[in-house]
Amino acid sequence: MRGRVLSFRTRPEGIDDRASYLYAEDGAVLVRDGRIVAAGDYPQVARQAGEGARTVDHRPHLILPGFIDAHAHMPQMQVIASYGAELLDWLNTYTFPEETKFCDPAHARRIAGLFLDELTRHGTTTVAAYCSVHRQSAQALFGEALSRNMLVVAGKVMMDRNAPDGLTDTPQAGYDDTKALIAAWHGRGRLHYAITPRFAITSSPAQMEMAGALAREFPHLHVQTHLSENHAEIALAMELYPQARDYTDIYASYGLLGARTLLGHCIHLSEREADALSDAGAVAVFCPTSNLFLGSGLFDWQRYSRRGKPLRIAAATDVGGGTNYSMLRTMDEGYKAIALQGEKIDPLAAFWQITRGNAEALSLAERIGTLDPGSDADLVVLDARATPAMRLRMETATTLAEELFLLQTLGDDRAVAETYVAGRPLKGALAC
Ligand code: GUN
Ligand code: ZN
346 MRGRVLSFRT RPEGIDDRAS YLYAEDGAVL VRDGRIVAAG DYPQVARQAG EGARTVDHRP
406 HLILPGFIDA HAHMPQMQVI ASYGAELLDW LNTYTFPEET KFCDPAHARR IAGLFLDELT
466 RHGTTTVAAY CSVHRQSAQA LFGEALSRNM LVVAGKVMMD RNAPDGLTDT PQAGYDDTKA
526 LIAAWHGRGR LHYAITPRFA ITSSPAQMEM AGALAREFPH LHVQTHLSEN HAEIALAMEL
586 YPQARDYTDI YASYGLLGAR TLLGHCIHLS EREADALSDA GAVAVFCPTS NLFLGSGLFD
646 WQRYSRRGKP LRIAAATDVG GGTNYSMLRT MDEGYKAIAL QGEKIDPLAA FWQITRGNAE
706 ALSLAERIGT LDPGSDADLV VLDARATPAM RLRMETATTL AEELFLLQTL GDDRAVAETY
766 VAGRPLKGAL AC
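Sequential numbering of the sequence shown, starting at 346, is according to the working numbering.
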């Protein structure tokens, strides 16, 4: 396909860091059998493609690796826009009742399909997703992802306390269901299983033991959970685990802190906790629309990324605490959350984050997040003139960095002209 091609090599050190990315003004990406064969200048790629290759012309749009969302909740599509609560009340009042509905496989299948449709509409080609406690919910999401050939990381939530009837498992059932789901789905197509204890508050010590046992048995799998999101949550977690030094120590003491651990939020970490994360190589997942919506606090991007031992950071929507499916909207809110703390994230770093940066955070950069030859052909095509307001603002934009910042600040699903998953255009086929 032909268009303006952009892919990151390293994290940009500023908007003048030209070496950190590949950009071809008249560019092309050559795709064969769902993989990228070449990306770069059109004449060169066209020569490599040879006669008879079909060209899809996306000029003057940008072609980038598909966006990656490092943390979202599939069963919370009908929780978004629930008014007036902080985290623990929001969970009890809105989220847990909604998630109980996912014991119904038909409901789970319907929402799982709509969830992947919505991500596709917004240019997101990979998500690290939480399902509900019910194994049917994970089966539904994996089934839908497999049928679209999407690279999805997901897991059934493990939770055995502090939740309503119908939304808990037991330590043994959580272990058995997780193991059965791993056997059934992990490694099929492009699917990855993530061991998913929801958070310390909804898992008993016995369940945390089981989650740790799974992490030891399957050390190559992701672990995903929540950490240090709001003050009431931290206080309750410490009450429930009085022997722990701090919230991070709860997960560490059960063997759940490693280089494939994705920790949602990480807003109120002490220096000791930040050290523990960076020593383990664990990933702090920045969820700005959720943190602002629930009033949880401001993720200290600057402190975490500039400290002596920097943290690995990912960015995510956290739908349905998060308020938008779009990684463009996410980075717009992220920019503001960072600005409130006196710092700025530049647009090149923002686009690195939602492509290659998140792929590295998920330890999947060999497969996704770049246009490197051999990568899976997950792509997003962006139109910076998608709306009248964007078109007008584009009249005065003269650089790539300005265009990216405009896309991030004014863009949403309307700016996504097409989304390719493993080489197949999926967005165009969706009903509006
Ligand atoms: N902590 C535990 N569960 C959740 C959840 O579903 N959303 C958010 N934002 N935080 C959580
Ligand atoms: Zn979450």
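Ideal Cβ positions, reconstructed from N, Cα and C, are used throughout, including at glycine. Given the structure is predicted, the values throughout are model-derived calculations rather than measurements.
Residue closest to residue i, alpha-carbon to alpha-carbon, out of the options
i    : options                : result
L781 : H571, A525, N575       : Residue 781 lies beyond the residue range present for the chain, which begins at 346 and ends at 777; the question has no answer from this structure.
H452 : P420, A529, I699, D362 : P420
T471 : N494, F460, I413, P770 : I413
Y538 : A529, A589, L737       : A529
E562 : E444, L775, D521       : D521
L375 : L459, Y387, Y368, L367 : Y387
A473 : A694, M555, T634, S708 : S708
R605 : A629, S492, Q484       : A629
A694 : K654, I360, T662, G379 : I360
A577 : E747, L461, L436       : L436
L716 : A373, L459, E358       : A373
L351 : E358, G385, E444       : G385
I579 : R652, S641, G488       : S641
V726 : S635, P410, R399, R380 : P410
R652 : S623, R736, I408, G395 : S623
P770 : G719, D663, S615, H403 : H403
Three-state secondary structure (DSSP) of residue i
i    : result
A383 : strand
Q698 : helix
L585 : helix
I658 : strand
A625 : helix
I456 : helix
E763 : strand
V478 : coil
P357 : coil
D677 : helix
E370 : strand
V630 : strand
D378 : coil
L461 : helix
R785 : Residue 785 lies beyond the stretch modelled for the chain, which goes from 346 to 777, so this question has no answer here.
R404 : strand
A415 : strand
T668 : coil
Closer than 6 Å: residue i CB and nearest the ligand GUN heavy atom
i    : result
H418 : yes
R506 : no
G666 : yes
F544 : yes
H565 : no
H571 : yes
S549 : no
S635 : yes
Considering only heavy atoms of the ligand ZN, list every residue whose Cβ is less than 5 Å from one of them, following chain order. G609, D663
Ranges of the beta strand (DSSP E) found wholly within the segment 488 to 538, counting only runs of at least 3: 496 to 500
Any alpha helix (DSSP H) of 4 or more consecutive residues that is wholly inside the segment 537 to 614: 550 to 562, 576 to 585, 592 to 598
For the segment 682 to 751, list the beta strand (DSSP E) runs that are entirely contained and at least 3 residues long, ordered along the chain. 724 to 727
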